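Trainee: In this note's numbering, the protein residues as written are 99 to 445. No residue lacks a Cβ here, since even glycine has one placed at the ideal position from N, Cα and C. A quick note: this is a predicted structure, and the numbers were derived from the prediction, not measured. Have a look at this one before I ask anything.
Structure below.
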């Protein structure tokens, strides 16, 4: 399991918040019309309450899903602890590049609940696979068959299409490596044999580190394969519910923005919002900034601009980011600090 130092998490938190706040302020300055702010007085509170319900449904679905997967593998975890695990992982994902820290903290959390590292890793990997399957299936369907509902706004079409197609290809490759893990060491050693790369691995330290990394990755995926086989062969019902709960999580996530828009008197465009956010979150995991900060705000503004009134765009974006990012940062950071303990140095 990867080691993540506390100081790196704090540094990532500062960077993530700084980028997010700066981009948000710029977007607000460019979109808000002070005269139109009077419309905020007419906001319908019931829709804001519904947006909060959607946020909590995200948490609930993730907590239940983890509990279902743990039970399927013969482990026990309470709904409360499972939900805390989700929030802790979401927080660390939001403050580390490529969301790389979320998995390790969740594995640590489950291990401290009494699970073996193998089963804890399997639960997290199954969740990761279900997420990529969700976007790996729906992303291409929406992109290729619902193009009339997709408009990247001011983002150049060439850049948009390259980002989407590139993300689809990466997602397919990741899922393929999970399905056929034996390909990983084969390709790795082929890579080491390339003339331009061979010189780098002539140093024993570099070769050993690389071989250890490949061996760890292969071992983790083999454990996942064993657990997935058990789920598919003997726990079909639990696996089915894990898939349903994955869909429920993302549906709840994607409904927040159109619900807030409806509360401000705009047209929600539920189907279009669902499609555009699916495309956006197909791309965002491959953004290098912690929590995709900056990219998430800009992506939201670009994708929603074609059907959201300009004077509402910044406000909707802030509300959406508040419920899907800042609240998780706040609650998740408290949970993570408790997990680590005041004197703990590493995750």
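1) Are residue 354 and residue 417 close, meaning C-beta to C-beta below 9 Å?
2) Quick check: what's the CA-CA separation for residue 384 versus residue 391?
3) Can you give me the start and stop residues for the alpha helix (DSSP H) that residue 251 sits inside?
4) With a Cβ-Cβ cutoff of 9 Å, do residue 325 and residue 224 count as a contact?
5) Determine, using beta-carbon pairs with one atom in the segment 178–197 and one in the segment 145–161, whether at least three such pairs fall under 8 Å.
6) Report the residue from 237, 192 and 216 whose alpha carbon sits nearest the alpha carbon of residue 267.
7) Kindly list the residues whose CB is nearer than 8 Å to the CB of residue 273, restricted to its own chain and excluding five residues on each side of it in sequence; keep chain order.
8) Should residue 370 be labelled buried (16 or more other beta-carbon atoms within 10 Å of its own) or exposed?
9) Counting C-beta neighbours from all protein chains within 10 Å, is the total for residue 375 16 or more, i.e. buried, or is it exposed?
10) Does DSSP put residue 262 in a helix, a strand or coil?
11) Considering only C-alpha positions, which residue in the set 165, 362 and 112 is nearest to residue 222?
12) Whole angstroms is fine: what's the gap from residue 403's alpha carbon to residue 287's?
13) Say whether the segment 170–181 touches the segment 208–217, bearing in mind that this needs 3 or more beta-carbon pairs closer than 8 Å, one atom from each stretch.
14) Can you list, in chain order, the residues of its chain with a C-beta nearer than 6 Å to that of residue 201? Leave out the 5 residues immediately preceding and following it.
15) Would you kindly check if the distance between the Cβ of residue 358 and the Cβ of residue 146 is under 9 Å?
Mentor: Walking through what the data contain:
1) To locate residue 354, count along the chain shown from 1; it is residue 256. To locate residue 417, count along the chain shown from 1; it is residue 319. It is a contact, given that the beta carbons lie within the stated cut-off.
2) Position 286 of the chain shown, counted from the first residue, corresponds to residue 384. Position 293 of the chain shown, counted from the first residue, corresponds to residue 391. Rounded to the nearest angstrom, the two C-alpha atoms are 12 Å apart.
3) Position 153 of the chain shown, counting from 1, holds the residue named residue 251. Residue 251 -> no alpha helix (DSSP H), and no H or E assigned at all.
4) In the chain shown, counting from the first residue as 1, residue 325 sits at position 227. In the chain shown, counting from the first residue as 1, residue 224 sits at position 126. Result yes, Cβ atoms of residue 325 and residue 224 sit closer than 9 Å.
5) yes
6) As a first step, residue 267 must be located in the chain shown, where it is residue number 169. Answer by Cα proximity: 237.
7) Reading the chain shown from its first residue, position 175 is the one you call residue 273. Cβ within range, chain order: 227, 230, 231 and 234.
8) By one-based count along the chain shown, residue 370 stands at place 272. Looking at its Cβ environment, which holds 16 or more other Cβ atoms inside 10 Å, residue 370 is buried.
9) Taking the chain shown and counting its residues from 1, one reaches residue 375 at position 277. Residue 375 is buried by the Cβ-count criterion.
10) Along the chain shown, read from residue 1 onward, the residue named residue 262 stands at position 164. Three-state DSSP puts residue 262 in a helix.
11) Here residue 222 refers to the residue found at position 124 when the chain shown is read from its first residue. Selected option, being the one with the closest Cα: 165.
12) Within the chain shown, the letter at position 305 stands for residue 403. Within the chain shown, the letter at position 189 stands for residue 287. Going from the Cα of residue 403 to the Cα of residue 287 covers about 47 Å.
13) yes
14) Position 103 of the chain shown, counted from the start, is the residue given in the question as residue 201. 222, listed in sequence order.
15) One-based indexing of the chain shown puts residue 146 at position 48. One-based indexing of the chain shown puts residue 358 at position 260. Cβ distance < 9 Å, so residue 146 and residue 358 count as in contact.
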